[in-house]
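Data first, discussion second: the structure below is written as structure tokens.
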Amino acid sequence: MAKYRVPLNGYAYATVVVETDETDPEAIVELAYEETPTDVCGHCSGWGQTWSLEIGDEWRASRKEDGTPEFYEESA
Numbered sequence: 046m047a048k049y050r051v052p053l054n055g056y057a058y059a060t061v062v063v064e065t066d067e068t069d070p071e072a073i074v075e076l077a078y079e080e081t082p083t084d085v086c087g088h089c090s091g092w093g094q095t096w097s098l099e100i101g102d103e104w105r106a107s108r109k110e111d112g113t114p115e116f117y118e119e120s121a
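Sequence positions in the sequence shown follow the numbering used here and run 46 to 121.
Shown next as structure tokens:
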């Protein structure tokens with residue numbers, strides 16, 4: 046029986062909570078980029094399985110219509 050490796054593309058979504066006194070939206074987003082994951086653990090990557098999963102190392106912040114970064118203040 047033939048085996049086929051089928052590439053599948055999907056969508057990844059991440060949220061990152063950053064704690065800062067910074068008020069500049071672009072600086073806040075930069076802090077979030079520093080904390081965003083760029084890989085997955087061996088189990089989650091499919092190591093030893095018939096499937097594999099990887100995520101890219103490039104993330105883009107969601108933007109409002111005016112081009113400013115979209116983020117929300119966490120409530121205490």
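Heads up, the beta-carbon is just placed ideally off N, CA and C, and yes, glycines get one too.
Out of curiosity, what's the CA-to-CA distance linking residue i and residue j?
| i | j | result |
| --- | --- | --- |
| Thr95 | Tyr56 | 20 Å |
| Val74 | Pro114 | 7 Å |
| Ile100 | Asp66 | 30 Å |
| Glu110 | Gly91 | 38 Å |
| Leu53 | Val85 | 17 Å |
Since residue i sits in a beta bridge, which residues does DSSP pair it with?
| i | result |
| --- | --- |
| Arg108 | Pro114 |
Does DSSP put residue i in a helix, in a strand, or in coil?
| i | result |
| --- | --- |
| Ala57 | coil |
| Ile73 | helix |
| Gly91 | coil |
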